[in-house]
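Chains as they are written, first to last, in this note's numbering: chain A, 8 to 364; chain B, 72 to 653.
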C-alpha cells in the first residue's frame with residue numbers, strides 16, 4: 008500500500024533547477040534511500056517532503072491526502088513526520104529525556120506516559136542510563152542515538168533522515184548503519200533516507216533511488232542497482248566499474264581490439280538488437296588466468312598486465328587485452344599473483360556484461 | 072523559505088472577501104512584524120537623520136528653504152578653526168594611541184612577556200573609566216594650580232610655571248588617547264594573532280634578527296589592522312564632547328563638538344548646528360567605508376581567518392621593559408586618575424592633602440540622601456540605560472531573527488537600518504533627535520522619551536551585532552526539529568531559540584547598559600531639567616568647580632561600571648566585551 012507519493016516534483020530557484028521532475032511511490036513500512044552526489048537535489052526533495060520548502064511544480068501526497076502542491080503546503084508541524092538532521096539538532100538546553108519527550112509533550116500525552124515511552128525508547132537505543140544528561144556531555148554517536156529516539160518515539164507516519172551519519176567517524180558510521188536498519192525492522196516506520204554514501208544506502212534500504220542533476224536515474228532494490236544499473240551514471244556512482252564501448256552484431260560483441268562470441272551470452276543480451284552501445288563490467292566479475300593455458304570458458308581473451316596494486320583484501324590489476332587500446336581494472340584475490348608484463352587470460356562472466364544503452 | 076503556516080490558513084479561506092478586507096487578510100503576521108519593525112526604525116534612524124538634513128536647509132521659525140545656515144556655519148574663522156582643531160586633535164590622539172598600544176599588543180600577542188593579564192588589566196581599566204572621568208582625575212593631578220604634580224614641581228624647583236597644564240591641547244590629546252588606546256590594542260592584537268609564526272621564522276632562517284623581522288615582516292602585515300584602529304580612534308576623538316568641554320572650554324580651544332554645544336546655547340541656533348554637524352557625519356561615513364574596504368581587502372594574511380601556529384618570541388630582558396610599559400600606560404589611564412578620584416571623593420578639600428581631619432563621607436551623603444538632583448540623576452541614568460537596552464535588544468533580536476531565517480523579503484533593509492547609526496556620531500544623532508522630535512507637534516524635549524529613543528538608536532548597532540551573532544550560532548535545524556515534531560514556530564522560539572539565546576541577550580543588554588549609563592555626547596543636547604543623568608550632572612558640577620563632589624559621583628559610576636563588567640565576565644564569559652569591538 009502506498010504511504011507517500013511524489014508526483015512530478017519540481018523545485019526551481021529562478022533559473023536554477025534543483026529538482027527536475029521526480030515521481031515515486033513509497034510503500035507502507037518501506038525504507039527508501041535517495042542516493043546521489045552533492046547538489047543532485049536529494050536534500051531539496053527531502054525538505055519538500057518535510058514541508059520546509061514548497062515545490063515549484065508537482066504534488067506530494069501521504070495516505071492519499073495532499074500535503075504539498077505549488078498552491079498549498081501543509082506546514083511541517085502538521086505532517087505527522089519526524090526528521091533526523093545532519094547536525095542532529097539535539098536541543099542543548101534540554102536533557103536527553105526532555106529532548107526525547109518533547110514530541111510527546113506536544114502531543115499532549117500525560118506526564119507519566121511521556122516518561123514511560125521516553126524510557127522505553129531510550130532503552131531501545133541503549134541510552135537509558137544517560138537520560139538526565141545534557142547533550143553537551145554526550146559523544147557524537149550518543150547524540151545520534153538521542154536523535155533517533157526522539158524521532159521514533161512519536162511513531163511518525165514517515166521518518167526522514169538527512170545524511171544522519173556524515174558527522175560520525177568511520178567506524179561508528181558502519182555500526183550506525185546496521186543500527187538504523189535494526190530500528191527499522193523493529194518499528195517498520197516508512198522511511199526516506201538521504202545520503203551520498205552508497206554503503207549506507209545498500210545496508211539500510213529496501214529500495215534505492217539514485218539521483219543525478221535533479222532527476223531519479225533508477226529506483227530499485229540494492230541488488231538490482233548494483234548488478235543491473237540502467238545508466239552509466241548509476242553504474243559509475245555505485246561501486247567501481249569498467250565502461251567499454253561495444254558494437255553488438257548478430258553473432259558477436261566487438262570491443263576495441265577484441266570480441267566475444269554472442270552465443271556465450273546465452274540470451275543475456277536478448278532484446279538488445281544490434282548497434283553501438285556502452286557496457287559496464289565490474290572489476291570483480293572478471294577472472295584472471297595464467298597465460299600458458301587457455302581457460303575452458305568461452306568468454307576469454309588474452310591480455311597483458313600493465314599495472315598492479317596490492318590493497319590487502321584484493322589485488323587491483325590493470326590489464327590490456329591483446330590488440331586493444333582499452334585498459335580494464337580487475338579485482339583479484341590476494342593469492343592470484345601476476346607480475347606487470349605477464350600474459351594472462353581474462354574470463355568475463357557473460358551475465359555481468361551489462362548493456363547500459 | 073516562506074512561512075508555510077500562514078499560507079495554509081490563507082488557502083483555507085473558502086470564499087475570498089473583496090477589496091481592502093481581502094488585502095488585510097492577505098497580510099501575513101510576519102509581514103505585519105516587518106511593517107512594525109520598519110516603522111520603529113524609521114522613527115529611530117531615518118527620522119532624526121532626515122530632519123537633521125532638512126533643518127540644515129531651513130530658516131529658523133518659518134521653515135523656508137535657505138542656504139544661510141551653511142553660510143553662517145562656515146562663514147567665520149572661529150568656526151573653521153574649530154574644524155581644523157578637531158582634525159588635529161584626532162590625528163594627534165591616534166598617533167599617541169599607536170605609541171601606547173602597539174608595543175602592548177605586540178608584547179601580548181607574540182612575546183614571552185610575563186603577566187600578560189597585566190596588560191589586559193590596563194586595557195580594561197581604560198575602558199571602565201569614561202574619558203570625562205579620566206579628565207577629572209587628571210585635573211586633580213595636573214591642574215595648573217592645585218594639581219599635586221604641579222605643586223610638587225613648584226616645591227622641588229621653586230618655579231612659577233606649572234610642569235604640565237592639563238588645560239591644553241596636549242592635555243586633551245592625552246586624555247582621549249588614554250581612553251581610546253584599547254581600540255588600537257584590540258585591532259592590532261587581532262591582526263597579530265592572525266599571522267603565523269612561520270612568516271617570521273621564514274625571515275629568521277634567512278638570517279634576520281628578531282627586531283629586523285618584527286619591523287620588516289610583522290609590522291607591515293598588521294599595518295591594515297593598525298590603520299583600522301587609527302580610523303576608529305580618530306572618529307572617536309573628533310566626535311567626543313566630554314574632554315573638549317571639560318578641558319578645552321577653559322583653555323579657550325574651540326572644537327567642533329563644543330562649538331555645536333554653543334550653537335545650542337544663547338542665541339539658540341539649532342539650524343546652524345545641523346549645518347555645522349555635516350562634516351562630522353560625512354567624515355565618519357567616509358572613513359568607516361574606507362576602513363571596511365581596507366579590512367575586507369583580499370591578500371592580507373591578517374584577514375585570512377585561521378592564524379596558523381604561533382610561538383612566543385623570546386625577547387630576553389626586554390620583556391621587563393615591555394611589562395613596565397604596559398604598567399605605565401595602565402597607571403596613566405586608570406590607576407593614577409582612579410586613585411586620585413577616590414581619594415578626592417573622601418576629602419573635604421582636595422588641596423589639603425591626605426590627613427585624618429580632611430577625611431569625610433559628606434559628599435556621598437549629599438549625593439545619596441540630601442540632594443534631590445543627584446538622586447534623580449542616578450535613577451535616570453540607570454532607568455534610561457535599562458529601558459534603552461531592553462528596547463534596542465528587542466528590536467535587534469526581531470530583526471536578526473527575520474533576517475537569519477529569511478522570513479520576509481527585503482529583510483536586509485531592516486538589518487541595514489539597524490547598523491546605520493554606527494556611522495552617525497552620537498552628538499550628531501542627538502542633534503538629529505532634537506531637530507526631529509523636540510519641536511511641536513511631538514514636543515518631546517525634556518521628556519524621558521526622547522533620551523531613551525536616542526540611546527536606543529545610538530546603541531542599536533551593538534545590540535544588532537550581538538543578536539545577529541547569537542542567531543548565527545543557532546543552527547536552523549534546531550527549530551526545524553521542533554516543527555517536524557509538531558511544534559509551531561512560536562513553540563520553537565519559546566522552547567529552543569529563547570533559552571539558547573539567554574546568554575547572548577544578557578551580554579547584549581550589558582553592552583548597551585554600560586556605555587548608556589555614562590553617555591554624555593548624546594545626552595547633553597537632549598536632557599531637560601527633570602531628565603538629567605549622571606554624566607550631564609558631572610559636567611555641570613565641573614563647570615562650578617566642585618571637584619570633590621564630582622569625584623564622588625565619578626566613583627559611583629566607576630563602581631557600578633566595574634560591577635556590570637564583573638557581572639558580564641561572571642555570567643557571560645571573559646570575551647563578552649570583545650565580541651563586537653567597534
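Every residue, glycine too, gets a C-beta built ideally from N, C-alpha and C.
Within the model, the alpha-carbon separation for residue 67/A versus residue 81/A is close to 10 Å. Boundaries of the beta strand (DSSP E) harbouring residue 10/A: 9-20, taken from the DSSP string. Less than 8 Å separates the beta-carbon of residue 184/B from that of residue 393/B. Residue pairing by DSSP places residue 285/A opposite 252/A in a beta bridge.
Classified as buried, residue 558/B has 16 or more neighbouring CB atoms from the shown chains inside 10 Å of its CB. Contact between the region 287-300 of chain B and the region 161-177 of chain B is present: 3 or more CB-CB pairs across the two stretches fall below 8 Å. At a Cβ-Cβ threshold of 8 Å, residue 211/A and residue 11/A do not count as neighbours.
When beta bridges are read from the DSSP output, residue 38/A appears opposite 198/A. Per the coordinates, the alpha-carbon of residue 539/B lies some 15 Å from the alpha-carbon of residue 564/B. The criterion of a C-beta distance shorter than 8 Å is not satisfied by residue 448/B and residue 298/B. The region 330-346 of chain B makes contact with the region 123-133 of chain B: 3 or more CB pairs, one atom from each, lie closer than 8 Å. In the three-state scheme derived from DSSP, where H, G and I count as helix and E and B as strand, residue 214/A is classed as strand. For residue 15/A, the number of other beta carbons within 10 angstroms of its own is below 16, and it is reported as exposed. Residue 327/A places its beta carbon 8 Å or farther from that of residue 341/A. In this structure, the straight-line span from the alpha carbon of residue 451/B to that of residue 603/B is close to 7 Å. In this structure the region 568-584 of chain B does not touch the region 427-446 of chain B; the number of beta carbon pairs closer than 8 Å is below three.
Of all residues in the region 126-148 of chain A, none places a beta-carbon less than 8 Å from a beta-carbon of chain B.
By the rule that beta-carbons nearer than 8 Å mark a contact, residue 113/A touches chain B. Membership of residue 67/A in the beta strand (DSSP E) is indicated by the continuous run 64-69. Counting along the chain, residue 141/B sits inside no beta strand (DSSP E); it lies in the alpha helix (DSSP H) bounded by residues 139-144.
For the pair residue 310/B and residue 496/B, the CB atoms are nearer than the 8 Å cut-off. For residue 99/A, the residues of chain B that pass the 8 Å Cβ criterion are 571, in the order they occur in the chain. Linking residue 94/A to residue 150/A through their CA atoms gives a straight-line distance of about 9 Å. In the structure shown, the three-state DSSP call for residue 350/A is strand. Judged by DSSP in its simplified three-state form, residue 60/A adopts coil rather than helix or strand.
Within the region 33-55 of chain A, no residue has its Cβ closer than 7 Å to any Cβ of chain B. Rounded to whole angstroms, residue 42/A and residue 125/A show a C-alpha spacing of 32 Å. Beta bridge pairing from DSSP links residue 128/A with no other residue.
Three or more Cβ pairs closer than 8 Å define a contact, and the region 498-517 of chain B meets that threshold against the region 590-597 of chain B. Of all residues in the region 279-298 of chain A, none places a beta-carbon less than 9 Å from a beta-carbon of chain B. Comparing alpha carbon positions, the residue from 304/B, 551/B and 260/B closest to residue 250/B is 304/B. In the DSSP assignment, the residues bridged to residue 182/B are 384/B. It is roughly 49 Å from the alpha-carbon of residue 144/A to the alpha-carbon of residue 164/B.
Neighbourhood of residue 161/A in chain B, by CB distance below 8 Å: 556 and 557, in chain order. When the Cα atoms are used, residue 240/A and residue 247/A turn out to be separated by approximately 11 Å. For residue 109/A, at least one C-beta of chain B is nearer than 8 Å to its own C-beta.
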